[in-house]
Amino acid sequence: MRRFIRSIRAIACLALAGATLNVQAAEPITLIVPFPPGGSQDAMGRFFAKHLATELGTPVVVKNDGGAGGVIATSEVARAKGDGRTLLLATGGAITIAPHILKKLPYNVERDLAPVALIADTPMAIGVKADSPIQTLQDLLDAARREPGTLSYASTGHGTVSNLAAELLSQKTGARLLHIPYRGAGPALVDLLGDQVNAIFTSTASLAPMVRTGKLRLLATFSKTADGTLTVAQTTGDAALDVPIWVGVMAPRATSPELLAQLGQAIANICRTADTGRFLAELEATARCGDHDTLGQTIARDDARWKAVVARAPDLGAQ
């Protein structure tokens with residue numbers, strides 16, 4: 139990842155030296171979203187695609203390519219031409235986790251992908267059913283220490299950010315929970331409400347509707363929120379447990395530095411508007427509006443974090 143950071147800085151220097159390329163043409167830009175339609179990331183992708191089309195003066199279409207934790211979509215972008223016509227709505231799973239848990243990954247992040255811009259982040263959260271005897275995060279940790287592996291938690295899948303956030307919490311606190319992986323937050327929430335699992339680790343966007351209707355209780359978030367919800371780091375006193383879920387845009391590595399800079403500036407212009415801030419807040423997300431260097435540093439930080447977590451968890455090792 140050090141080489142990744144150096145290459146990002148080289149892109150910045152080259153972009154300043156060269157002329158901005160014109161992306162206006164008849165052929166549309168495709169923004170590949172590694173999730174099925176209907177979720178918060180899909181909504182975010184469609185919002186930015188709409189405004190990016192206006193900003194650049196060229197059509198931008200969304201292509202949903204879900205499956206394999208984002209690996210399929212990421213592979214498609216990694217193989218694409220570097221002509222600015224194919225972009226990825228990137229999240230941490232396929233970029234900073236998959237390289238450490240999959241032996242045969244069909245791409246290399248440093249070699250095949252280039253960061254364009256950091257858009258937003260949303261907190262990972264821990265929730266329980268509203269009538270659960272577990273009232274606080276401390277209750278959950280204490281119970282898990284008393285009877286290791288007895289209390290269960292649902293994640294959105296093996297090797298996802300929700301799974302690794304729970305593993306990181308376990309490694310830092312000694313509280314061992316039984317992992318029950320699901321294929322997304324939807325079925326996990328169904329089983330939580332049906333008393334099949336004791337808790338859930340997922341994004342605040344997934345939990346918020348049921349928290350508002352009184353069906354779920356939010357114990358804590360893994361990063362700060364606007365409403366001041368208690369964070370995991372505050373409960374444990376460990377700043378390493380600040381784990382936001384970031385969303386950014388990436389492109390094929392072969393994309394020219396000038397074009398990467400132009401795309402990044404267009405996304406930044408969209409990201410900084412009040413309309414975007416309001417839209418992201420509705421998704422329980424916070425605008426970050428970072429450039430390619432900021433996204434590159436975010437990727438490097440998370441890559442180091444998850445590499446260390448996987449190394450200490452044999453059941454998360456390369457498959």
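Residue numbers (our numbering): 139 to 457. Virtual Cβ for every residue (Gly too), placed ideally from N, Cα, C.
Note to self: If you reduce the DSSP assignment to three classes, tell me which class histidine 189 lands in.
What the structure shows: As a working note, residue 189 is residue 51 in the sequence shown. Reduced to three states, the DSSP call for histidine 189 is helix.
Next item on the list: Excluding the 5 residues preceding and the 5 following alanine 323 in the sequence, name in chain order all residues of the same chain whose CB lies nearer than 6 Å to its CB.
Entry: Here residue 323 refers to the residue found at position 185 of the sequence shown. Closer than 6 Å at Cβ, skipping near neighbours: Thr294, Thr340, Ser344.
Item checked: Beta-carbon spacing of tyrosine 245, serine 213 below 8 Å -> Here residue 245 refers to the residue found at position 107 when the sequence shown is read from its first residue. Here residue 213 refers to the residue found at position 75 when the sequence shown is read from its first residue. Their beta carbons are under 8 Å apart, which means tyrosine 245 touches serine 213 by this criterion.
Checklist line | Close-in-space but distant-in-sequence residues of the same chain around alanine 377 (CB under 8 Å, 5 per side omitted) | finding: Translated into the one-based positions of the sequence shown, residue 377 becomes position 239. Excluding sequence neighbours, alanine 377 sits near Ala371.
Checklist line | Exposure label - aspartate 441; buried when at least 16 CB within 10 Å | finding: Reading the sequence shown from its first residue, position 303 is the one you call residue 441. Answer is buried; the Cβ neighbour count reaches 16.
Next item on the list: Look up asparagine 246 in the DSSP assignment and give the residues it is bridged to.
Entry: The sequence position of residue 246 within the sequence shown is 108, counting from 1. According to DSSP, which records beta bridges pairwise, asparagine 246 is partnered with nothing at all.
Checklist line | Unbroken alpha helix (DSSP H) run spanning serine 341, endpoints | finding: Indexing the sequence shown from 1 puts residue 341 at position 203. Here serine 341 belongs to no alpha helix (DSSP H); instead the beta strand (DSSP E) covers 337-341.
Check: Alpha carbon to alpha carbon, how far is alanine 337 from threonine 260?
Finding: As a working mapping, residue 337 is identified with position 199 in the sequence shown. As a working mapping, residue 260 is identified with position 122 in the sequence shown. Whole-angstrom Cα-Cα distance: 19 Å.
Next item on the list: Just tell me which of Leu433, Gly428, Asp250, Val199 has its CA closest to the CA of lysine 219.
Entry: Working through the sequence shown from its first residue, we reach residue 219 at position 81. Answer by Cα proximity: Asp250.
Check: Quick one: is glycine 287 buried, meaning 16 or more other Cβ sit within 10 Å of its Cβ, or exposed?
Finding: Taking the sequence shown and counting its residues from 1, one reaches residue 287 at position 149. Exposed, because fewer than 16 other Cβ atoms sit within 10 Å of the Cβ of glycine 287.
Check: What do you get for alanine 419, buried or exposed, if any count of 16 or more other CB atoms within 10 angstroms of its CB means buried?
Finding: Position 281 of the sequence shown holds residue 419. Per the 10 Å Cβ criterion, exposed.
Checklist line | Nearest-angstrom Cβ-Cβ length linking valine 381 and serine 361, presumed shorter than 8 Å | finding: Start at 1 with the first residue of the sequence shown, and residue 381 comes out as number 243. Start at 1 with the first residue of the sequence shown, and residue 361 comes out as number 223. Going by Cβ atoms, the distance from valine 381 to serine 361 rounds to 6 Å, so yes, they are a contact pair.
Check: Which two residues bound the contiguous alpha helix (DSSP H) that contains aspartate 413?
Finding: Residue mapping note: residue 413 aligns to position 275 of the sequence shown, counting from 1. 412-420 is the extent of the alpha helix (DSSP H) around aspartate 413.
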